[in-house]
Amino acid sequence: MSNLDFIYKRHSIRKFKNQDVPIEDIKEMIKAATYAPSGKNLQNWHFVVVKNKEKIEEMAKIVERKSDELASYATDEEMKKSFTKYRKYQTLFRNAPVVILIFAGPYPSTGLEILKAKGASSEEIHNLLRPSPGIQNIGAAIENLLLAAANMGYGGCWMTSPNFASKEIQDYIGFKKEGYFLAAITPIGVPEESELKSPPRKPIEEVMTIIE
Ligand SMILES: Cc1cc2nc3c(=O)[nH]c(=O)nc-3n(C[C@H](O)[C@H](O)[C@H](O)COP(=O)(O)O)c2cc1C
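So in the UniProt record's numbering, spot 173 of the sequence shown is number 173, and the numbers just go up one at a time.
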């Protein structure tokens, strides 16, 4: 036991009990998400909560249809196999009682206007934008949301694999906010399994460098 248990309690949950998540609990998780840090405190996120079973199922069907369509463009069996390998993970949100669609809004990267005024090369501009601070904000919020869910007895899964169908999902849901796009999907619910675990991590020495 450590005081970091609130971190280690979170695992990606892909199977859920057929049990409702009250809207008050969802609001609490989203509030926790909004306490994530964000560059310039811009809070360029928006959370669309879908609790309607038919709509959740239709979103899964949209992903399946688009997945089939894209698979038909594969130029060889290998390409098709690598695309369809994780197919069932693209729609796992269909068995969750709640699906939260996480939208990302515009974020003005510090230095961009100046670089443009200077006539910077596309490489310089690319290097500035590559760390995507606006998306880092969204990542921080999603992690907060999932940590809150885990510590409230729920579980969820951060999902970007259905993103190839994000336009179709956004059109179906009918959510519009200037400059906002669907960045990730997180199903939330009570985990079906009680023995939860995560896949192993790389050893700390592999991912950490200390500069003396
Ligand atoms: C940006 C991002 C996208 C992910 N997309 C998916 C996904 O589409 N489907 C899925 O089953 N898991 C997805 N995951 C979950 C990862 O597979 C999972 O976090 C990783 O295997 C570590 O397991 P853990 O979350 O249980 O610790 C995603 C995670 C992140 C951070």
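Glycine is no exception: its CB is placed at the ideal position from the N, C-alpha and C atoms.
- For LYS27 and GLU77, the gap between their C-alpha atoms comes out near 45 Å.
- Put simply, the stretch 32-46 does not touch the stretch 196-207. Fewer than three CB pairs are less than 8 Å apart.
- Minimum Cα-Cα distance from CYS157 among the listed residues ILE211, VAL98 and TYR180 corresponds to VAL98.
- The bridge partners DSSP lists for PRO191 are PHE16.
- Residue pairing for ILE102: DSSP places it in a beta bridge opposite PHE47 and ALA184.
- Within the same chain, Cβ atoms closer than 7 Å to the Cβ of ALA104 are found at ASN44, TRP45, GLY134, ILE135, ILE138, TYR180, PHE181 and ALA183, the five residues on either side in sequence being excluded.
- THR186 counts as buried, since at least 16 other C-beta atoms from the protein chains shown sit within 10 angstroms of its C-beta.
- In the three-state reduction of the DSSP assignment, MET59 falls in the helix class.
- In terms of CA proximity to PRO37, GLU143 leads the group GLU195, GLU143, GLU58 and VAL190.
- Of the heavy atoms belonging to ligand 1, none sits nearer than 7 Å to the Cβ of LEU4.
- Taking a C-beta distance under 8 Å as the contact criterion, LEU129 and ILE7 do not qualify as a contact pair.
- In the structure shown, MET208 adopts coil according to DSSP, grouped into three states.
- When the alpha-carbon of ARG14 is set against those of GLU57, ARG65 and ALA96, the nearest one is in ALA96.
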